[in-house]
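Student: With my numbering as the guide, the letters of the sequence shown map in order to residues 60 to 215. Built from N, CA and C at the ideal position, the CB exists for glycine as well. No experiment lies behind these values; they were computed from the predicted model shown. Before I ask anything, let me first share the structure, which is written out below as structure tokens.
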Amino acid sequence: MRGRCGSCPSTSPATASRTRSAPAGHHRAVPTTWVWEGVVPYLTRAQVAATVAAVDRCSAPGSRLIINYQSPSLPAAVGRMAARAMTTLVRQPNVWAAEPRRSSWTAAAMRTLLTNHRFPVADDSDLLTVAARLSIPVKQRRSLQSGRVTVADRPH
Numbered sequence: 060m061r062g063r064c065g066s067c068p069s070t071s072p073a074t075a076s077r078t079r080s081a082p083a084g085h086h087r088a089v090p091t092t093w094v095w096e097g098v099v100p101y102l103t104r105a106q107v108a109a110t111v112a113a114v115d116r117c118s119a120p121g122s123r124l125i126i127n128y129q130s131p132s133l134p135a136a137v138g139r140m141a142a143r144a145m146t147t148l149v150r151q152p153n154v155w156a157a158e159p160r161r162s163s164w165t166a167a168a169m170r171t172l173l174t175n176h177r178f179p180v181a182d183d184s185d186l187l188t189v190a191a192r193l194s195i196p197v198k199q200r201r202s203l204q205s206g207r208v209t210v211a212d213r214p215h
């Protein structure tokens, strides 16, 4: 069977797969690969859980869910606080004000969430490990240590 690629952008995470995926050509009976990149840190834990529940309802056996998320990081949190302080000190707008960090996840917490929604985790690695696996040269090691990618597969 040939696959097809499509997207269904949404500003409402809890209803994304229910309201936007059918017009994008999604069929609930066909295994789907869901790629969720660059979204999770900007959502609350409740919004992330609601979206995973929606994906659960729309996924056939054999579907795959790939999520890029941020793990808790003290250096990253301190860096964001320092940047906010500096922009306040020099009376400049905070360049990250429109991108608030609302959640971060440990690998164990993400695994629990996905497993509870019938997506057992096949792999969960930090981005530094992924880069090494792919032989990608890395200059900013620290930032890649807090970013993670998980791959979870719905059993057939």
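Throw me the rounded Cβ distance for the leucine 173 and alanine 211 pair, which I believe falls under 8 Å.
Tutor: Rounded, the Cβ-Cβ distance is 5 Å, consistent with contact.
Student: Which class does leucine 193 belong to by DSSP, given the choice of helix, strand or coil?
Tutor: The answer is coil: DSSP assigns leucine 193 none of H, G, I, E or B.
Student: What is the rounded straight-line gap between the Cα of serine 202 and the Cα of valine 111?
Tutor: Approximately 26 Å, taken between the alpha carbons.
Student: Would you call the CB atoms of threonine 92 and leucine 124 closer than 9 Å?
Tutor: Yes.
Student: Could you tell me the boundaries of the alpha helix (DSSP H) in which asparagine 175 lies?
Tutor: Start and end: 166-175.
Student: Using alpha carbons as the reference points, say which of Arg207, Arg150, Glu158 lies closest to methionine 169.
Tutor: Among Arg207, Arg150, Glu158, the Cα nearest to that of methionine 169 belongs to Arg207.
Student: Are tyrosine 101 and threonine 209 closer than 9 Å when you measure CB to CB?
Tutor: Result no, Cβ atoms of tyrosine 101 and threonine 209 do not sit closer than 9 Å.
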